[in-house]
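Residue numbers (the working numbering): -10 to 144. Virtual Cβ for every residue (Gly too), placed ideally from N, Cα, C. As the structure is a computational prediction, the values presented were derived from the model and not from experiment.
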Amino acid sequence: MSNDQIKEILQNSKIIAMIGVSSEKKGEDPKNLKRKPANVVMKYMQGFGYKVIPVNPFAIGEKINGETVVESLEKISEKVDIVDVFRPSKEAPVFAKEAIKIGAKTLWLQYGIQHPEAKKISEDAKVQYIENKCIKQEYQKLFEKSNPVFPVLKS
């Protein structure tokens, strides 16, 4: 997928469902949560006006970065533009099917995540497919003309 295509997706999207955002584990230092990649990316994208809905079946009802965690994509009442996945590659085909079911326009697999079956499922359903790219880094590259890797965020 070209930079222009990715830029268009980011410009025309408002709501991101983020699968794999971490909740706070019992006894865990809350500072650790702020350093987890999905949480860093969620907060970053929120800072640029995106509504990011955290999806984590083990943290239903918890608040992460001001948003209530939902169990699954089907539990989201709003129209999702991008399904952004922070889960192992082997789970990607399931998320591709769920993204199609809820009418998402784009399935975005984060850096290090890719799966040929998820790609085929998405493309067959005319869902835009991005793999092995960080949505935060792409946003920075295309809109901020910089390319830092997870800069320290203000708390």
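Rounded straight-line distance, which links the Cα of residue j to that of residue i
i      : j      : result
Pro46  : Tyr100 : 22 Å
Ala85  : Asn121 : 15 Å
Val83  : Ile71  : 15 Å
Tyr128 : Lys52  : 25 Å
Ile124 : Glu60  : 22 Å
Ala88  : Ser11  : 20 Å
Leu98  : Phe75  : 7 Å
Residue j beta carbon less than 7 Å from that of residue i
i     : j     : result
Ala6  : Leu62 : yes
Val69 : Ile4  : yes
Sequence-distant residues of its chain with Cβ nearer than 7 Å to residue i (five each side left out)
i      : result
Gln35  : Val41, Asn54
Lys143 : Summary for Lys143: the model assigns pLDDT 40, below 50, so the residue's position carries little reliability; its value from the coordinates is reported in the next sentence. Once the five neighbours on either side are set aside, Lys143 has no close Cβ partner at all.
First and last residue of the uninterrupted beta strand (DSSP E) at residue i
i      : result
Gln117 : 117 to 119
Val72  : 71 to 74
Leu96  : 95 to 98
Limits of the alpha helix (DSSP H) - the one that residue i falls within
i      : result
Lys125 : 124 to 128
Leu131 : Note, Leu131: premise wrong, no alpha helix (DSSP H); not H, not E.
Val83  : 81 to 90
Met34  : 26 to 36
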